[in-house]
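Asks:
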Amino acid sequence: MDEEYDVIVLGTGLKECILSGLLSVDGLKVLHMDRNDYYGGESTSLNLIQLWKKFRGDDKPPPHLGSSKDYNIDMNPKFIMANGMLVRVLIHTDVTKYLYFKAVDGSFVFNKAKVHKVPSNDMEALKSPLMGIFENGVRASFSFMFKIIMRVILKLMMGWT
-2 MDEEYDVIVL GTGLKECILS GLLSVDGLKV LHMDRNDYYG GESTSLNLIQ
48 LWKKFRGDDK PPPHLGSSKD YNIDMNPKFI MANGMLVRVL IHTDVTKYLY
98 FKAVDGSFVF NKAKVHKVPS NDMEALKSPL MGIFENGVRA SFSFMFKIIM
148 RVILKLMMGW T
């Protein structure tokens, strides 16, 4: 390891990584460090062993869950708008060589000591314990009005009457 750097960046959260990448692209010699044994700060993604260690201490995950490497659990969900400023910065810093983007198969939250699937359609929302009766009513009204508005917009765009 070299002994002289232009910049030392502490932490591997998103802001620190973007800063480090931008400085590096500009030709500065950057040392990037983190006190954790994983990257990402509060927005990290943990494998199964790291997750178990964080929430269950020294317990090991049960063998029936499979390989720890098959898991990548986000501590904070991360969604990136396809044409947003963040994507432009990632492209500029060439970090896209190391990233893999994937459509989301499902989203889950930890609530009241249980893992719940985030509803992705009307039926799932009605069955989900995450939403109470009042929230379901508001959601249903919004969904109904949204569908009507979208039909009107489509008709106007297509020149229908």
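Once you know that position 62 of the sequence shown is 59 in my numbering, the rest is easy, because the numbers rise by one and skip nothing. A virtual CB, placed ideally from N, CA and C, is assigned to each residue, including glycine. Here the structure is a predicted model, which means the values were calculated and not measured.
Ser64 and Ile46: beta carbons closer than 7 Å?
Replies: no
Asks: At a cut of 8 Å, does the region 33 to 40 reach the region 9 to 17 through at least three beta carbon pairs?
Replies: yes
Asks: For Gly18, count the other beta carbons within 10 Å of its own beta carbon; 16 or more makes it buried, fewer makes it exposed. Which is it?
Replies: Counting Cβ neighbours within 10 Å, Gly18 comes out buried, since at least 16 surround it.
Asks: Excluding sequence positions up to five away, which residues of its chain have a Cβ less than 8 Å from the Cβ of Phe105?
Replies: Val112, His113, Lys114, Val115
Asks: Measure from the alpha carbon of Leu127 to the alpha carbon of each residue in Asn108, Ser138, Asp56, Asp119, then state which is nearest.
Replies: Asn108
Asks: Would a C-beta distance cut-off of 7 Å place Tyr68 and Asn44 closer than the cut-off?
Replies: yes
Asks: Measuring alpha carbon to alpha carbon, tell me which residue in Glu132, Val6, Phe52, Asp31 is nearest Ala110.
Replies: Phe52
Asks: What residues are listed by DSSP as bridge partners for Ser42?
Replies: Per DSSP, Asp71.
Asks: Just verifying my parser: in three-state terms, what is the DSSP assignment at Met(-2)?
Replies: coil
Asks: In whole angstroms, what is the alpha-carbon distance linking Ile70 and Met(-2)?
Replies: 31 Å
Asks: Within its chain, find whatever has a CB closer than 8 Å to the CB of Thr90; leave out the 5 residues flanking it on each side and keep chain order.
Replies: Ile15, Gly18, Leu19, Ser21, Val22
Asks: For Ser140, which residues in the same chain have their Cβ closer than 6 Å to its Cβ, ignoring the five residues on either side in sequence?
Replies: Its chain contains no residue whose beta carbon lies nearer than 6 Å to that of Ser140 once the 5 sequence neighbours on both sides are disregarded.
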